[in-house]
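Engineer: There's a structure below that I have some questions on.
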Amino acid sequence: MKQNNEQVNGKNQKIKVERVQTGIRMEKRMVKVLKAMAEYHDISLGVLLERIVLHSFENKPVFSDESLEKVKAIKEVYDMDYGLEISRQWNDSDN
Numbered sequence: 008m009k010q011n012n013e014q015v016n017g018k019n020q021k022i023k024v025e026r027v028q029t030g031i032r033m034e035k036r037m038v039k040v041l042k043a044m045a046e047y048h049d050i051s052l053g054v055l056l057e058r059i060v061l062h063s064f065e066n067k068p069v070f071s072d073e074s075l076e077k078v079k080a081i082k083e084v085y086d087m088d089y090g091l092e093i094s095r096q097w098n099d100s101d102n
């Protein structure tokens, strides 16, 4: 399913973007944390993921210190007791 949206560029001119539905698989607790952060920022999960990716591509932080504290608290709620250092050790037969 495609979705056309308009976004504003740095010059306040709207540019058209085409969004597509994806079927990705992610670790369950991570998804819960991401959904909670999207809700906290009052944006959709898709928009949050787009922002994370765009900031990552430009090597810029996506979250403020306040948001990072919220991430830490939400990770505890959902028992997301891992970080980047162990992600390569995951054993998932469906990857």
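In my numbering, the protein residues as written are 8 to 102.
A virtual CB, placed ideally from N, CA and C, is assigned to each residue, including glycine.
From what residue to what residue does the beta strand (DSSP E) around Glu25 run?
Structural biologist: The residue given as residue 25 occupies position 18 in the sequence shown. Taken as a continuous stretch (DSSP letters only), the beta strand (DSSP E) holding Glu25 covers 21-27.
Engineer: CA-CA distance, Val78 and Gly53?
Structural biologist: Numbered from its first residue, the sequence shown carries residue 78 at position 71. Numbered from its first residue, the sequence shown carries residue 53 at position 46. So the two alpha carbons sit approximately 17 Å from each other.
Engineer: For Leu108 and Met44, which I take to be in contact (beta-carbon distance under 8 Å), what is that distance rounded to the nearest angstrom?
Structural biologist: Here the chain comprises residues numbered 8 to 102, so residue 108 is not present and cannot be evaluated.
Engineer: Quick check: Val40 and Tyr85, are their CB atoms within less than 8 Å of each other?
Structural biologist: For the purposes of this step, residue 40 is taken as residue 33 along the sequence shown, with counting starting at 1. For the purposes of this step, residue 85 is taken as residue 78 along the sequence shown, with counting starting at 1. In contact: Val40 and Tyr85 (Cβ atoms closer than 8 Å).
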